[in-house]
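Quick note: the sequence shown uses the numbering used here, first residue 63, plus one each step.
Note that the Cβ used here is the ideal one computed from N, Cα and C, for glycine as well.
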Amino acid sequence: MTTSEAQERRSAERQPHPVSSGPIVQLPTAFGDFVAQAWTDLETGAEHLAVSSPLPPVDGTAPLVRLHSECLTGDVFGSYRCDCGEQLAYALEMINEFGGTLLYLRGQEGRGIGLANKMKAYALQEAGFDTVEANEQLGLPVDARSYQAAAQILADMGLHEVRLLSNNPDKQDRLAQAGVRVVEMVPTEVPSREQNIRYLQTKKDRMDHRLVLDMQPAAPAAGPGGFDASPD
Numbered sequence: 063m064t065t066s067e068a069q070e071r072r073s074a075e076r077q078p079h080p081v082s083s084g085p086i087v088q089l090p091t092a093f094g095d096f097v098a099q100a101w102t103d104l105e106t107g108a109e110h111l112a113v114s115s116p117l118p119p120v121d122g123t124a125p126l127v128r129l130h131s132e133c134l135t136g137d138v139f140g141s142y143r144c145d146c147g148e149q150l151a152y153a154l155e156m157i158n159e160f161g162g163t164l165l166y167l168r169g170q171e172g173r174g175i176g177l178a179n180k181m182k183a184y185a186l187q188e189a190g191f192d193t194v195e196a197n198e199q200l201g202l203p204v205d206a207r208s209y210q211a212a213a214q215i216l217a218d219m220g221l222h223e224v225r226l227l228s229n230n231p232d233k234q235d236r237l238a239q240a241g242v243r244v245v246e247m248v249p250t251e252v253p254s255r256e257q258n259i260r261y262l263q264t265k266k267d268r269m270d271h272r273l274v275l276d277m278q279p280a281a282p283a284a285g286p287g288g289f290d291a292s293p294d
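Okay, here's the thing in structure tokens:
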């Protein structure tokens, strides 16, 4: 039995994660015109959103897919302590141009520790701890996220082979374990900033993210900065 056949057999034997979907609706945005569909994780109650290009992938390639963990501070308030908001914008631009889907995964704030704990982690980072050490000081996992629901949503959408928009090889491994084949990792590195360079270096050195970090950091924003970034 080949490796691919073994993976398919394990996928077939795996119990599906319970999710349910809503109607597909139009979603015109500043990044382009998309279609959107809400999904509910029936185990946790978390509601996720699939935002997709209405066009097929260019050149018949596997579709681009971004698993984007909810980050209120970065996605909504444009925080420079992390690169989440900028990665979200970059992924939507790529999907609009080349086709694919972004899954916005709610309930994954701060790599799964929640908003209040993320603020506690910020305080520890301002005291000198890095993003990994801050979680450990709080007695929390470094990364508490699960991708079982995400993998099931992709499968239910017919996306069994994807090109993953991510710098994090752990997402590739987790999707493979859940039966979704990642045929290519497509980098989503955005320019670093004075406020998040230490955070990004920690992700590269301690969490094996595929980051280069050899470019000049982006100009710092007005206002106080220089803190380590959030645990997103």
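Item                                                                                                                                                                : Value
Give the range of the beta strand (DSSP E) segment to which Thr163 is assigned.                                                                                     : 162 to 167
Is Asp137 helix, strand or coil when you go by DSSP?                                                                                                                : helix
Determine the direct distance from the alpha carbon of Leu150 to that of Tyr261, and round the result to whole angstroms.                                           : 17 Å
Using beta-carbon positions only, say whether Leu104 and Pro80 come within less than 8 Å of one another.                                                            : yes
Taking buried to mean at least 16 other C-beta atoms within 10 Å of its own C-beta, is Gln88 buried or exposed?                                                     : exposed
What is the residue span of the beta strand (DSSP E) that Gln88 lies within?                                                                                        : 81 to 91
For Ala283, which of helix, strand or coil comes out of DSSP?                                                                                                       : Low confidence applies here, because Ala283 scores a pLDDT of 39, under 50, leaving its location unreliable; read the following figure in that light. If DSSP states are grouped into helix, strand and coil, Ala283 belongs with coil.
Would Arg173 pass as a contact of Gln257 if the rule is Cβ separation under 8 Å?                                                                                    : no
Helix, strand or coil, according to DSSP, for Gly190 in the structure here?                                                                                         : coil
Assuming Leu237 is part of the alpha helix (DSSP H), what are its boundary residues?                                                                                : 231 to 239
Run through DSSP, which three-state label would Gly107 get?                                                                                                         : coil
How long is the line joining the alpha carbons of Ala108 and Arg236, rounded to whole angstroms?                                                                    : 19 Å
Roughly how many angstroms lie between the CA atoms of Ser66 and His222, to the nearest whole one?                                                                  : Note that Ser66 scores 48 on pLDDT, short of 50, meaning its location in the model is unreliable and no value can be drawn from it.
In chain order, what residues of the same chain have a beta carbon less than 8 Å from the beta carbon of Gly177, not counting five sequence neighbours either side? : With the sequence shown as reference, residue 177 is identified as Leu, and Gly is not the correct amino acid for it. Excluding residues within five positions, the ones whose Cβ falls inside 8 Å are Leu134, Glu171.
Using only alpha-carbon positions, find the residue among Gln187, Leu227, Pro125 that is nearest to Cys146.                                                         : Leu227
Report the residue from Gln263, Glu246, Met247 whose alpha carbon sits nearest the alpha carbon of Ser254.                                                          : Gln263
Under 8 Å between the Cβ atoms of Thr250 and Ala153?                                                                                                                : yes
Within the continuous alpha helix (DSSP H) that includes Leu216, where are the two ends?                                                                            : 210 to 218
Within its chain, find whatever has a CB closer than 6 Å to the CB of Arg128; leave out the 5 residues flanking it on each side and keep chain order.               : Ala153, Leu164, Leu227
Whose CA, out of Arg168, Met181, Pro119, lies closest to the CA of Asn158?                                                                                          : Pro119
Within this structure, are the beta carbons of Val295 and Leu126 separated by less than 8 Å?                                                                        : This structure leaves residue 295 out entirely; the chain is present only between 63 and 294.
What residues match up with Leu154 in a beta bridge as DSSP calls it?                                                                                               : Its beta-bridge partners do not exist; DSSP assigns none.
How is the alpha helix (DSSP H) around Glu246 delimited, first residue to last?                                                                                     : No alpha helix (DSSP H) holds Glu246; the beta strand (DSSP E) holding it covers 243 to 248.
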